[in-house]
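Report on one structure; see the data block that follows.
Residue numbers (UniProt numbering): 1 to 402.
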């Protein structure tokens, strides 16, 4: 009997202790008291490490309560979506030469900021004025990547361009005496440039036009889509009124118009296919995994040890989110990664062979020609597209064969 009482007491102590550990306020725990390595076993739920703003009226300092390393007990079994192959193509110009410090420096004049990661910390050097908060939320996205995969992003040094047009044109780096192109990261690219494509800032929020983080926006769109069944939507009202409200000359107040034929183009099938593609291949986890593989492969090409540039300042989640207010702050809080990933990044697909790449590009050109022959008015970017193209709420997502 005494044994069972003693055993029950031990069980109670363990239960209380574990409950306290899981519910503890980690904002009060210093780096000396917190285990800095998280080990993931069998995808168990992780502890949460929310934003820690001690004083909302002053610039927060970077805290040290977040885990700095992450270890898994197995290998990833999830394959990355096929569009990850373009990472190989984007970095191909430097595959044989590697990337020197001089190459990086030569991209300064066409870049808006320089981002350096040293020992898991992010340092940013502003180089030019950026439209709205594109740079802010791009940097924020990188910080969240480091929180998702702590200790898994190597030291690196890169330049970033935040404009709408490609800047590293291939024609400027041709010929026997030509220099190697500078590696510059960008939101878009095309067949005439060497810009390295990186996910668009609005995945984490676009406060100027009130577009929230991607996960919530996608969820809201899917919920809104349930309100009215496809068959019950407005189909014949305009026809009954002799198209009184559908005159093209009265629709010039809209910035964009999308025209899709009905029966001839199987509009419902096209819509469902596009929706399924986004749901399956553009989850936020894949956005982070794309960044993970791109930055890791880029860092492998560096032929120098990254150092903190003069004038660069350390940036962290607290220093970015704590001082700001309004939508910018709420979008940062909403899109913040509060715990390390409980799964490994997806496994990169192998590069295109010259034959498969040629076939892919030829099929793309054939599709474009078919669209032209249909007499459909259109505007097509004649790139791969190497951009995270707009879908749903005009959010750039990923390049496709357009």
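Yeah, the Cβ is synthetic: ideal placement off N, Cα and C, and Gly gets one too.
Distance, residue j Cα to residue i Cα
{"i": "residue 289", "j": "residue 198", "result": "12 Å"}
{"i": "residue 253", "j": "residue 129", "result": "30 Å"}
{"i": "residue 159", "j": "residue 239", "result": "54 Å"}
{"i": "residue 125", "j": "residue 334", "result": "26 Å"}
{"i": "residue 223", "j": "residue 217", "result": "10 Å"}
{"i": "residue 380", "j": "residue 54", "result": "Its pLDDT being 40, under 50, residue 380 is placed unreliably in this model, and the coordinates cannot settle the point."}
{"i": "residue 172", "j": "residue 93", "result": "13 Å"}
{"i": "residue 331", "j": "residue 316", "result": "16 Å"}
{"i": "residue 326", "j": "residue 210", "result": "11 Å"}
{"i": "residue 329", "j": "residue 306", "result": "31 Å"}
{"i": "residue 137", "j": "residue 204", "result": "6 Å"}
{"i": "residue 250", "j": "residue 244", "result": "10 Å"}
{"i": "residue 220", "j": "residue 227", "result": "11 Å"}
{"i": "residue 355", "j": "residue 363", "result": "12 Å"}
{"i": "residue 109", "j": "residue 301", "result": "22 Å"}
Among the options, nearest to residue i - alpha-carbon criterion
{"i": "residue 90", "options": "168, 78 and 64", "result": "168"}
{"i": "residue 156", "options": "101, 373 and 162", "result": "101"}
{"i": "residue 95", "options": "369, 373, 243 and 182", "result": "182"}
{"i": "residue 351", "options": "283, 84 and 78", "result": "84"}
{"i": "residue 66", "options": "344, 337, 356 and 371", "result": "337"}
{"i": "residue 298", "options": "330, 86, 317 and 334", "result": "86"}
{"i": "residue 48", "options": "141, 218 and 148", "result": "148"}
{"i": "residue 312", "options": "127, 123, 117 and 103", "result": "123"}
{"i": "residue 278", "options": "81, 176 and 64", "result": "81"}
{"i": "residue 144", "options": "357, 107 and 51", "result": "51"}
{"i": "residue 103", "options": "142, 282 and 178", "result": "178"}
{"i": "residue 131", "options": "208, 358, 280 and 343", "result": "208"}
{"i": "residue 343", "options": "64, 108 and 73", "result": "73"}
{"i": "residue 141", "options": "170, 291 and 358", "result": "291"}
{"i": "residue 63", "options": "241, 314 and 236", "result": "314"}
{"i": "residue 164", "options": "236, 170 and 185", "result": "185"}
{"i": "residue 192", "options": "322, 323, 170 and 202", "result": "170"}
Buried versus exposed call for residue i [16 or more other C-beta atoms within 10 Å across all chains shown]
{"i": "residue 212", "result": "buried"}
{"i": "residue 206", "result": "buried"}
{"i": "residue 304", "result": "exposed"}
{"i": "residue 135", "result": "buried"}
{"i": "residue 230", "result": "exposed"}
{"i": "residue 195", "result": "buried"}
{"i": "residue 225", "result": "exposed"}
{"i": "residue 293", "result": "buried"}
{"i": "residue 233", "result": "exposed"}
{"i": "residue 99", "result": "buried"}
{"i": "residue 318", "result": "buried"}
{"i": "residue 187", "result": "buried"}
{"i": "residue 360", "result": "exposed"}
{"i": "residue 255", "result": "exposed"}
{"i": "residue 150", "result": "buried"}
Under 8 Å between C-beta atoms of residue i and residue j
{"i": "residue 340", "j": "residue 146", "result": "no"}
{"i": "residue 120", "j": "residue 61", "result": "no"}
{"i": "residue 295", "j": "residue 153", "result": "yes"}
{"i": "residue 166", "j": "residue 200", "result": "no"}
{"i": "residue 133", "j": "residue 346", "result": "no"}
{"i": "residue 112", "j": "residue 161", "result": "yes"}
{"i": "residue 284", "j": "residue 214", "result": "yes"}
{"i": "residue 368", "j": "residue 116", "result": "no"}
What are the uninterrupted segments assigned as beta strand (DSSP E) that are 3 or more residues long and contained completely in the UniProt domain "Glycosyl transferase CAP10" (152-305), given in chain order?
Segments of the beta strand (DSSP E) lying fully in the UniProt domain "Glycosyl transferase CAP10" (152-305): 156-160 and 184-186.
What runs of the alpha helix (DSSP H), each 4 residues or longer, lie entirely inside the stretch 88-112?
Runs of the alpha helix (DSSP H) lying entirely within the stretch 88-112 and spanning at least 4 residues, in chain order: 101-105.
Entirely within the stretch 323-353 and at least 3 residues each: give me those beta strand (DSSP E) ranges in chain order.
Taken in chain order, the whole beta strand (DSSP E) runs of length 3 or more contained in the stretch 323-353 number zero.
Please specify which runs of the alpha helix (DSSP H), each continuous and at least 4 residues long, are wholly inside the stretch 48-82, giving them in chain order.
Those alpha helix (DSSP H) runs which fall completely within the stretch 48-82 and span 4+ residues do not exist here.
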